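Notes follow once the structure below has been shown.
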Amino acid sequence: MTTKLLTALLLGTSILGSAGLAHAEDVTLNIESWRGDDLSIWKDKLIPAFEAKNPGIKVVFAPSAPTEYDAALGAKLAAGSAGDLITCRPFDKSLELFKKGNLADLSSLPGMENFSPVAKSAWQTDDGKSSFCVPMASVIHGFIYNKDAFDKLGIKVPETRDEFFAALDKIKADGTYIPMAMGTKDLWEAATMGYQNIGPNYWKGEDGRAALIKGEQKLTDKDWVAPYEELAKWKPYLGDGFEAQTYPDSQNLFTLGRAAIYPAGSWEIGLFNTQAQFKMGAFPPPVEKAGDTCYISDHTDIGMGLNAASKHADAAKTFLSWVASADFATIYANALPGFFSLNSAPVKMEDPLAQEFVSWRGKCKSTIRSTYQILSRGTPNLENETWVESANVINGTDTPEAAAKKLQTGLDSWYKPAK
Amino acid sequence: MAAPTRPKRPFRWHIAVFLAPAVLVYTAIMILPLAGTLQLSLFRNVDQSQVFVGLGNFRTLFGDPNWSVNFWNALRNNVWFFIIHMLVQNPVGVLLAALLSSPKLRFSAFYRTAIFVPTILSFVIVGFAWKLILSPLWGVAPHLLDFVGLKSLFTPWLGKEQYALTALSLVSVWQFIGIPMMLIYAALLSIPDEVIEAAECDGITGMAQFWKIKLPLILPSIGIISILTFVGNFNAFDLIYTAQGALAGPNYSTDILGTFLYRAFFGFQLQVGDPNMGATIATIMFLIILGGVCVYLFLIQTRLRRYQF
Chain A
0 MTTKLLTALL LGTSILGSAG LAHAEDVTLN IESWRGDDLS IWKDKLIPAF EAKNPGIKVV
60 FAPSAPTEYD AALGAKLAAG SAGDLITCRP FDKSLELFKK GNLADLSSLP GMENFSPVAK
120 SAWQTDDGKS SFCVPMASVI HGFIYNKDAF DKLGIKVPET RDEFFAALDK IKADGTYIPM
180 AMGTKDLWEA ATMGYQNIGP NYWKGEDGRA ALIKGEQKLT DKDWVAPYEE LAKWKPYLGD
240 GFEAQTYPDS QNLFTLGRAA IYPAGSWEIG LFNTQAQFKM GAFPPPVEKA GDTCYISDHT
300 DIGMGLNAAS KHADAAKTFL SWVASADFAT IYANALPGFF SLNSAPVKME DPLAQEFVSW
360 RGKCKSTIRS TYQILSRGTP NLENETWVES ANVINGTDTP EAAAKKLQTG LDSWYKPAK
Chain B
0 MAAPTRPKRP FRWHIAVFLA PAVLVYTAIM ILPLAGTLQL SLFRNVDQSQ VFVGLGNFRT
60 LFGDPNWSVN FWNALRNNVW FFIIHMLVQN PVGVLLAALL SSPKLRFSAF YRTAIFVPTI
120 LSFVIVGFAW KLILSPLWGV APHLLDFVGL KSLFTPWLGK EQYALTALSL VSVWQFIGIP
180 MMLIYAALLS IPDEVIEAAE CDGITGMAQF WKIKLPLILP SIGIISILTF VGNFNAFDLI
240 YTAQGALAGP NYSTDILGTF LYRAFFGFQL QVGDPNMGAT IATIMFLIIL GGVCVYLFLI
300 QTRLRRYQF
């Protein structure tokens with residue numbers, strides 16, 4: 000068995016080796032990534048599109064398992080065997096690589112001007128001076144709803160909070176559907192789909208987030224406690240036993256048509272499209288009164304950087320400029336509905352649900368999750384604590400004020416904002 | 000000690016040669032990592048380089064409320080986890096073994112196998128299966144309770160702070176009950192028939208026979224099982240991790256030392272791993288287990304009476 004495998008491997012390398020000889024002048028770029036799911040999209044769509052335009056550069060997409068990615072990448076970078084292009088996790092993990100000198104500075108890369116400051120914030124030094132990864136995609140939060148259920152009950156898509164709760168009351172009174180599919184068992188649903196979803200409307204998106212980082216606002220301020228107060232009101236609308244309902248449970252509840260509203264991240268679109276047998280729609284987090292500016296969480300999730308030790312830096316930069324182009328954005332966003340290009344150029348997407356999500360960028364202001372940049376570097380970790388406290392608030396074990404106070408106390412213990 | 004007058008004995012190389020493989024393997028995979036962990040716990044990462052801080056990490060662990068609150072919570076939970084095992088797993092294990100060793104029981108081989116099977120299942124399977132069984136949405140638990148008219152007793156146990164840890168302890172008991180059962184069963188079988196017959200001649204039968212004759216004879220086995228349970232429980236991690244995730248929710252109510260160590264050492268989500276603090280926690284776990292084992296070895300085991308047949 001082993002011998003066979005070895006022979007196959009040797010044979011494989013010899014073929015690859017001779018293939019390399021045949022195109023001796025070709026440059027081959029390797030991409031490190033944790034997105035094994037995207038292998039076919041890269042192989043069949045993205046790479047051929049790039050290679051057609053740039054003869055002489057070959058690109059190989061070489062993903063590793065998500066849970067092993069960071070460790071494997073670290074080891075490869077240390078050993079000097081890492082690929083030329085590195086898929087970047089947002090925030091501190093990539094920042095650390097940049098500080099160690101593993102990622103090259105891309106601030107002056109042609110194409111970077113296509114991205115807004117919010118889009119670039121995930122891959123910048125704290126002062127915002129150097130960027131080191133090209134933003135590839137973000138995920139948007141909102142609510143996906145069962146259109147058939149809304150039609151049947153005669154509910155129109157809520158725009159304000161009052162309408163939202165009126166709709167929930169109506170669904171609950173009817174009894175056919177669970178008003179909202181969310182559980183607190185896995186904790187992060189409560190924080191990510193709950194707090195970070197509805198929060199930006201209260202803390203005014205980037206303004207509040209920046210003020211929090213500067214220390215001008217506290218998590219105990221009204222704007223930061225209010226989302227918890229709303230979350231606490233969600234409790235009666237969740238399904239029976241939501242305390243033990245896991246994330247896949249919530250997904251299934253919704254796609255089986257048993258729940259009417261799903262607090263969502265746009266990454267669900269792909270899965271929901273294949274599983275749900277009913278029409279779906281989406282709406283952004285409701286605002287206080289009609290006409291208020293709306294804010295959405297448009298969270299930067301994935302980017303691509305250049306290995307500082309790459310032998311083919313020029314070819315790699317050509318590739319990265321292409322990643323920053325509208326061409327790439329169109330192919331990527333359509334192949335992976337729900338992962339939205341961060342490119343400022345509007346991207347035409349086929350999927351109606353994805354279109355709905357991305358249309359909010361036009362009317363609402365984008366922000367990223369409040370806990371991700373800078374604020375989750377210390378102990379206790381603000382993001383983890385936010386998970387726990389958001390679940391506590393919904394479960395009713397902590398009041399909104401108590402939860403906010405715990406978070407702020409934890410943050411104060413290590414974070415001293417620069418004045 | 001080597002007196003020059005004594006005829007020199009040749010060094011017995013074969014002893015070293017025969018010991019070498021075991022010593023080398025044990026050193027490489029047990030002693031070195033352990034020493035490495037202890038060493039790691041004395042250092043701290045300052046500006047990308049390891050700096051010796053003595054017992055500084057331990058001071059942080061016990062003195063800084065950000066760490067100590069979590070630590071004591073984890074330790075408390077771990078003790079409760081252990082207590083449930085000692086109160087449920089071991090007595091029930093003894094009971095099952097006693098029932099199994101009864102000559103009147105039919106299908107005992109079947110029961111023995113059935114009860115032992117969960118022990119060989121992977122934690123991932125057990126954690127996942129029980130999560131499904133207890134699920135308020137698709138689980139069989141609410142339906143079964145409904146069937147006997149006790150639906151009102153059902154709550155989402157794994158999601159409630161006050162029940163989650165006990166529920167998981169019982170799942171762990173369910174999984175591992177086969178081990179005390181098998182060990183006690185073997186001990187019961189090794190009791191010679193003459194002893195039993197002599198007891199019967201003296202008129203000691205039934206329950207009295209178990210309490211007065213069999214139990215004293217299997218006490219050393221119960222002692223071993225207790226210490227195995229202790230070591231296993233304070234090293235536990237997998238079940239909590241698969242069932243509740245690394246944050247051991249809700250509200251850290253199922254956080255035990257293993258999950259606390261995992262988060263500290265490897266990090267979680269945005270929390271960056273801190274190998275030094277992780278090693279500090281691992282060292283404390285090692286000391287707790289070492290302490291427990293020593294108490295058992297020096298205080299309890301030496302006082303257990305052994306019977307030779």
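Sequence lines, in order, name chains A and B. For the first sequence, numbering that gives the first Met the number 0 gives the first residue as 0, with consecutive numbering after it. For the second sequence, numbering that gives the first Met the number 0 gives the first residue as 0, with consecutive numbering after it. All residues carry an ideal CB built from backbone N, CA and C; glycine is no exception. Since we're looking at a predicted model, the values are computed, not measured.
Check whether A/Ala121 and A/Phe142 have beta carbons under 8 Å apart:
no
Could you check the C-alpha separation between B/Gln300 and B/Asp237 for me, to the nearest Å?
30 Å
Determine which residues of the region 356-380 of chain A have a Cβ less than 8 Å from any Cβ of chain B, and write them out in chain order.
Thr370, Tyr371, Ser375, Arg376, Thr378, Pro379, Asn380
Counting only Cβ-Cβ distances shorter than 9 Å, please list the residues of the region 148-167 of chain B near chain A, keeping chain order.
Phe153, Thr154, Pro155, Trp156, Leu157, Gly158, Lys159, Glu160, Ala163
Helix, strand or coil at A/Met348 [DSSP, three-state]
coil
Under 7 Å (Cβ pairs) to chain A, residues found in the region 243-256 of chain B:
Gly244, Leu246, Gly248, Pro249, Asn250, Tyr251
For the alpha helix (DSSP H) containing B/Gln208, name the first residue and the last one.
205-208
Proximal residues, the region 70-99 of chain B versus chain A, C-beta separation under 8 Å:
none
Given a threshold of 16 other Cβ atoms within 10 Å of its Cβ, counted over all protein chains shown, does B/Arg13 qualify as buried or as exposed?
The residue asked about is misnamed: residue 13 of chain B is His in this sequence, not Arg. Flag for B/His13 reads exposed.
Assuming A/Ala289 and A/Glu158 form a contact by the criterion Cβ under 8 Å, report the distance between their Cβ atoms to the nearest whole angstrom.
6 Å
Against A/Thr329, what residues of chain B qualify as contacts under a CB-to-CB distance less than 9 Å, listed in chain order?
Per Cβ cutoff of 9 Å: no residues; A/Thr329 is ~31 Å from chain B at best.
Where does A/Lys364 fall in DSSP's three states?
strand
Taking a contact to mean a Cβ-Cβ separation below 8 Å, would you say B/Ile190 touches B/Leu164 in this structure?
no
Given A/Ser375, which residues of its chain have a CB within under 6 Å of its CB, disregarding the five upstream and five downstream residues?
Leu381, Glu382
Run through DSSP, which three-state label would A/Lys421 get?
Because chain A is modelled from 0 through 418, residue 421 of chain A falls outside the range shown and cannot be assessed.
Could you spell out where the beta strand (DSSP E) holding A/Pro62 opens and where it closes?
56-62
Does A/Thr183 get closer than 8 Å to chain B when you measure Cβ to Cβ?
yes
Going by Cα to Cα distance, which pick from A/Leu352, A/Lys364, A/Phe327 is closest to A/Val346?
A/Phe327
Against chain B: residues of the region 233-253 of chain A by CB proximity under 9 Å:
Gly238, Asp239, Gly240, Phe241, Glu242, Ala243, Gln244, Thr245, Asp248, Asn251, Leu252
I need the DSSP call for A/Thr299, collapsed to helix, strand or coil.
strand
Span separating the alpha-carbon of B/Val125 from that of B/Leu167
11 Å
I'd like the list of long-range same chain contacts for A/Lys151, defined as Cβ closer than 8 Å, with 5 residues on each side in sequence excluded.
Thr175
Show which residues of chain A have a CB atom less than 7 Å away from the CB atom of B/Ala267.
For the record, residue 267 of chain B in the displayed sequence is Phe; it is not Ala. Simply Asn383.
Just to check my reading of the structure: A/Ile393 and A/Thr183 have Cβ atoms closer than 8 Å, yes? What is that Cβ distance to the nearest angstrom?
5 Å
Does the distance from the C-beta atom of B/Thr282 to that of B/Ser67 stay below 8 Å?
no
Element boundaries [beta strand (DSSP E), containing B/Gln49]:
48-51
Chain A contacts from the region 208-229 of chain B (Cβ-Cβ distance under 8 Å)
none
In chain order, what residues of the same chain lie with their CB nearer than 8 Å to the CB of B/Leu289, ignoring the 5 residues before and after it?
none
B/Met180, DSSP secondary structure in three states
helix
Leaving out five residues before and five after B/Met172 in sequence, what residues of the same chain have Cβ atoms less than 8 Å from its Cβ?
Sequence check: residue 172 of chain B is Val here, not Met. Within the same chain, B/Val172 has close Cβ partners Ile83, His84, Val87, Gln88, Val91.
Which residues mark the beginning and the end of the beta strand (DSSP E) in which A/Pro109 is found?
From DSSP, A/Pro109 is part of no beta strand (DSSP E); its letter is neither H nor E.
Are A/Asp83 and A/Ser320 touching if we call contact CB-CB under 8 Å?
no
Quick check on B/Phe42: does DSSP put it in helix, strand or coil?
strand
Checking contacts by CB at 8 Å: is A/Leu186 closer than that to chain B?
yes
Candidates A/Tyr144, A/Ala312, A/Asp220: which alpha carbon is nearest A/Asn29's?
A/Ala312
Would you mind working out which of B/Met181, B/Ala15, B/Lys211 sits nearest B/Pro117, comparing C-alpha positions?
B/Met181
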